[in-house]
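Mapping to the UniProt record's numbering: the sequence shown position 27 is 28, numbers consecutive.
A short write-up of the structure that comes next.
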Amino acid sequence: TKITFITQDNESIIVEGNSGNVMELAVQNKIKGIEGNCGGVCSCATCHVHVQPEDWDRVGAPSTLESDMLEFDDHVSEYSRLCCQINVDDTIDGIVLKVAN
Ligand code: FES
2 TKITFITQDN
12 ESIIVEGNSG
22 NVMELAVQNK
32 IKGIEGNCGG
42 VCSCATCHVH
52 VQPEDWDRVG
62 APSTLESDML
72 EFDDHVSEYS
82 RLCCQINVDD
92 TIDGIVLKVA
102 N
């Protein structure tokens, strides 16, 4: 599964993985701006990304817990997700995620 991250400096970085969640993959690949401070339990919002609108249906909407967490973030958009809550699997192959500010 390939995922493209667009960093805050507008750099595109393609990473590849087959398991775990997208935050872990980003941290392993040292994607700037994805910190994963809470270890992936949906309580820090340092893994905030914007999904491209055309990929939204594949990624899906956040859970209630995740939406509540996102409300605390000033840069939230209608395509915001916390990427620790997105599993790395075939359904998201090829998606593009913009790292939130
Ligand atoms: Fe903390 Fe995703 S890593 S909310």
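In this text, a Cβ means the ideal position worked out from N, Cα and C, and glycines have one as well.
Asked	Found
Buried or exposed by the 16-neighbour rule on C-beta atoms within 10 Å, applied to His51	buried
Close Cβ partners of Cys39 (< 6 Å) along its chain, the five nearest in sequence each way excluded	Cys45
Residues whose Cβ lies closer than 6 Å to any heavy atom of the ligand PLP, in chain order	Although the ligand PLP was asked about, the structure shown includes only the ligand FES as ligands.
Three CB pairs or more closer than 8 Å across the stretch 11–23 and the stretch 82–97	yes
Residue interval of the beta strand (DSSP E) (run including Ser13)	Ser13 to Glu17
Per DSSP, the bridge partner or partners of His49	Leu83
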